[in-house]
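Data first, discussion second: the structure below is written as structure tokens.
Numbering (the numbering used here), first residue to last: 292 to 626.
Dropping the structure here:
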């Protein structure tokens, strides 16, 4: 199936002759979740963005951002990242044949995402500071060098990510509410933009981790901490736009604890057969804990694949059962 730019070129800022850097992203499943629906008393669907090429929703925006960078003659692309943007940038830079550079907070990136960025060939720089410091620095670098900044402050990222709303509208026709994790706040901004463009106005509910909840507190968090590394951000770049999305839609923002996130994380895997990364489960944790204003039809966005963070997954399960190579031992272990 063609990628996002080919599918939605008439709704994106690209002309027929523009270069397109694509891994055939998008077209992700919208999966009905029967057990979650029963638990919360609503019809709930899961938008499985972890099935994009690099395992996260970032690919939607990256195809547009890197295509625009190539069109505009950038020599390289750069980002600050907690992991998923790094992996996506690295893949699309490799596809485009240009340099990719990522700056990540030291010791704060999940191993699966780090492995991706390195395997795709990006230059990975570990910063002695958090994501917010990294973003400040890459913005300064991009302002004085011919390097395209492809964080969500780049409007092409928002353009690509809004296409998930188009797909939801095509699949459902309408919905009452959208629940979504909020970190740097670009994604909720993009979904709201997309829904407005197709004439829908679901209530937008953003959920942040309790240890990284600046929108909830109304002030930046200097030292954000949460098991959900993808949303471990203390000063979102799209703060105002995200708040506008939630207030304009009569939605809201709330925090969920790490314990609630991990409960939803395990529930999705064991009850729905869906393995997402911890940050993704914040949308479901928020729906379970806070509801969605009485909405009857709800979409929860699961932003990334569970294989992004194998260490957290292994910390949440019992160990492998050791067994001798004998039928009696196998029977004892199985039965």
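Note that beta-carbon positions come from the ideal geometry of N, C-alpha and C, so glycine has one too.
Item                                                                                                                                                 : Value
For the 8 Å Cβ check, are there 3 or more pairs between the segment 531-538 and the segment 297-316?                                                 : no
Considering only C-alpha positions, which residue in the set 297, 496, 596, 364 is nearest to residue 473?                                           : 496
Put residue 343 into one of helix, strand or coil per three-state DSSP.                                                                              : coil
Going by C-alpha to C-alpha distance, which of 523, 416, 544 sits closest to residue 393?                                                            : 416
What residue does the beta strand (DSSP E) around residue 403 start on, and which one ends it?                                                       : Run containing residue 403: none in the beta strand (DSSP E); it sits in the alpha helix (DSSP H), 402-410.
Relative to the C-alpha of residue 567, which candidate in 429, 331, 340 has its C-alpha closest?                                                    : 340
Which residue comes first and which comes last in the alpha helix (DSSP H) that contains residue 621?                                                : 618-625
Quick one: what's got a C-beta closer than 7 Å to residue 505's C-beta in the same chain, skipping five residues either side?                        : 511, 512, 525, 526, 527
By a C-beta neighbour count over all protein chains shown, 10 Å radius and 16 as the cutoff for buried, is residue 374 buried or exposed?            : buried
Do you know whose CA, among 623, 556, 612, lies nearest residue 598's CA?                                                                            : 556
Can you tell me the Cα-Cα spacing of residue 574 and residue 442, whole angstroms?                                                                   : 22 Å
Residue 312 and residue 361: beta carbons closer than 8 Å?                                                                                           : yes
Would you say residue 586 and residue 333 are within 8 Å of each other, going by their C-beta atoms?                                                 : yes
Quickly, what does DSSP pair residue 336 with across the bridge? List them, please.                                                                  : 323, 590
Would you list the one or two residues that DSSP bridges to residue 543?                                                                             : 496
In this structure, how does DSSP classify residue 439 when only helix, strand and coil are distinguished?                                            : strand
Helix or strand or just coil, what does DSSP make of residue 237?                                                                                    : Residue 237 cannot be examined here, being either before or after the span of the chain that is shown, 292 to 626.
Could you give the DSSP three-state label for residue 576: helix, strand or coil?                                                                    : helix
Consider the Cβ of residue 590: report whether some Cβ of chain B lies at a distance smaller than 8 Å.                                               : Checking the listed chains, one finds no chain B in this structure; it contains a single protein chain.
Thinking residue 678 and residue 422 are a contact (beta carbons under 8 Å), I'd like their distance in whole angstroms, please.                     : A query on residue 678 cannot be resolved here, the shown segment of the chain reaching from 292 to 626 and no further.
Between which residues of its own chain and residue 562 is the CB-CB distance below 8 Å, once the five residues before and five after are set aside? : 326, 327
Measuring alpha carbon to alpha carbon, tell me which of 471, 465, 498 ends up nearest residue 486.                                                  : 465
Does DSSP put residue 518 in a helix, in a strand, or in coil?                                                                                       : coil
So, using beta-carbon positions, are residue 500 and residue 519 closer together than 8 Å?                                                           : yes
Considering residue 523, what are the terminal residues of the alpha helix (DSSP H) in which it resides?                                             : Taken as a continuous stretch (DSSP letters only), residue 523 belongs to no alpha helix (DSSP H), as it is neither H nor E.
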